[in-house]
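In full-length UniProt numbering, the protein residues as written are 1 to 321.
Written out as structure tokens, the structure reads:
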């Protein structure tokens with residue numbers, strides 16, 4: 001009878017088959033409380049010295065109501081010179097003359113003056129953009145009266161959150177200088193809580209469309225006054241509200257609001273070589289968020305406010321309360 005060969009038994013136990021793979025429960029990420037976000041954000045609020053060095057309006061030592069003082073060096077400002085082309089002109093606007101200017105300044109590196117970044121023309125060449133009139137921004141440094149302060153709440157909020165809002169202001173040129181014309185405010189959930197135009201207090205010289213995005217059409221049916229817009233903001237913001245933005249010193253000046261709890265993305269994401277050098281919001285948005293902004297005609301106040309809030313929330317992820 002022939003020998004029957006059999007396979008040796010396997011030394012490896014058979015793998016049990018399961019109809020369904022074992023599911024490992026994943027704990028959902030805990031959403032940070034409003035109080036936690038607020039308390040952590042306080043770590044990035046500008047100090048009094050930073051507010052002064054960045055030229056934010058500060059209380060005047062005289063104690064006079066509505067009076068503020070500026071401590072910055074007002075780099076690049078000379079009274080009686082055009083903001084755009086830097087040539088002298090009649091700031092009373094009794095007579096007007098055309099202005100040709102460059103959108104970007106010429107940088108100076110190791111003693112060499114580079115071509116203008118906007119058009120590549122050599123330093124000192126005729127401007128690549130034209131406007132019908134020169135413009136003035138002296139009110140940003142000389143108009144120190146008529147300010148209003150944010151007020152304390154009568155009782156602290158139950159959740160400990162006094163509010164965190166990102167703000168962006170668009171301004172136009174008038175006989176007075178730069179005046180606020182549009183304000184957008186968003187909260188930490190990127191919900192627009194305020195988005196309004198207002199009429200300036202003086203005659204419009206230039207809509208500043210290249211930067212503001214505002215045209216005559218935008219103001220056609222606007223009835224809200226500057227004072228009404230500012231009062232709206234003073235209802236929304238209290239003394240302990242954290243206001244977030246990029247280079248907000250000029251916003252606070254044109255809004256004529258005195259406020260201390262400010263987070264400025266200029267300081268949150270500083271220039272590698274430090275002040276007085278400052279990074280643009282466009283540069284920070286690209287490098288930190290991978291987002292391209294300000295790519296059309298004029299800035300979008302909602303977009304700029306949203307980006308500054310995203311930059312703050314990104315920073316908050318790196319710290320604990």
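Even glycine gets a Cβ: it sits at the ideal position worked out from N, Cα and C.
The three-state reading of DSSP puts residue 305 in helix, counting H, G and I together.
About 17 Å separates the Cβ atoms of residue 131 and residue 181, ruling out a contact at the 8 Å cut-off. Taking C-beta separations shorter than 6 Å and ignoring five residues to either side along the sequence, the partners of residue 60 in its chain run 67, 68 and 69, following chain order. Within a 10 Å sphere around the beta-carbon of residue 65 sit fewer than 16 other beta-carbons, which makes this residue exposed.
Contiguous beta strand (DSSP E) elements confined to the segment 69 to 101 occur at 99 to 101, taking only those with 3 or more residues.
The beta-carbon distance between residue 199 and residue 222, rounded to whole angstroms, is 6 Å. This is short enough to meet the 8 Å contact definition. Rounded to whole angstroms, the gap between the alpha carbons of residue 138 and residue 79 is 6 Å.
Checking the DSSP bridge columns, you'll see residue 130 partnered with 100. For residue 254, the enclosing alpha helix (DSSP H) has its first and last residue at 248 to 255. Taken through DSSP and simplified to helix, strand or coil, residue 186 comes out as strand.
Per DSSP, residue 195 is one residue of the beta strand (DSSP E) stretching across 192 to 197.
The beta-carbon separation of residue 165 and residue 186, rounded to 7 Å, stays under the 8 Å limit for a contact. Annotated three-state conformation of residue 58 is strand, per DSSP. Taken through DSSP and simplified to helix, strand or coil, residue 36 comes out as helix.
The alpha carbon of residue 42 has as its nearest neighbour, out of 289, 273, 311 and 243, the alpha carbon of 243. The C-beta distance from residue 135 to residue 90 rounds to 12 Å, too long to fall under 8 Å, and the pair is not in contact.
Residue 173 sits in a strand when the DSSP states are folded into three classes.
By the Cβ criterion, the segment 298 to 308 is not in contact with the segment 269 to 276, since fewer than three pairs of Cβ atoms, one from each stretch, lie closer than 8 Å. Partner residues in a beta bridge of residue 267, as assigned by DSSP, do not exist. Taking 9 Å as the cut-off, the Cβ atoms of residue 110 and residue 116 do not count as close. DSSP, read as helix, strand or coil, puts residue 162 in coil.
DSSP places residue 285 within a helical segment (H, G or I) once states are collapsed to three. In terms of CA proximity to residue 158, 34 leads the group 305, 167, 34 and 47. Under the three-state reduction of DSSP, residue 233 is assigned to helix. Burial check for residue 275: the Cβ neighbour count within 10 Å stays below 16, so the residue is exposed.
Beta-bridge analysis with DSSP links residue 180 to 171. When the alpha-carbon of residue 228 is set against those of 148, 45 and 72, the nearest one is in 148.
In this structure residue 156 is exposed. Its beta-carbon is surrounded by fewer than 16 other beta-carbon atoms within 10 angstroms.
Annotation: the continuous beta strand (DSSP E) that includes residue 205 extends over 204 to 206. The C-beta separation of residue 37 from residue 316 comes to about 7 Å, placing the pair in contact by the 8 Å criterion. Per DSSP, reduced to three states, the secondary structure at residue 149 is strand. For residue 142, the closest C-alpha among the options 253, 53 and 283 is that of 253. Check the Cα spacing between residue 92 and each of 84, 177, 240 and 230: the tightest is with 177.
Distance check between residue 203 and each of 231, 294, 174 and 237 places 174 closest, using alpha-carbon atoms only. When C-alpha distances from residue 194 are compared across 201, 160 and 169, the shortest belongs to 169.
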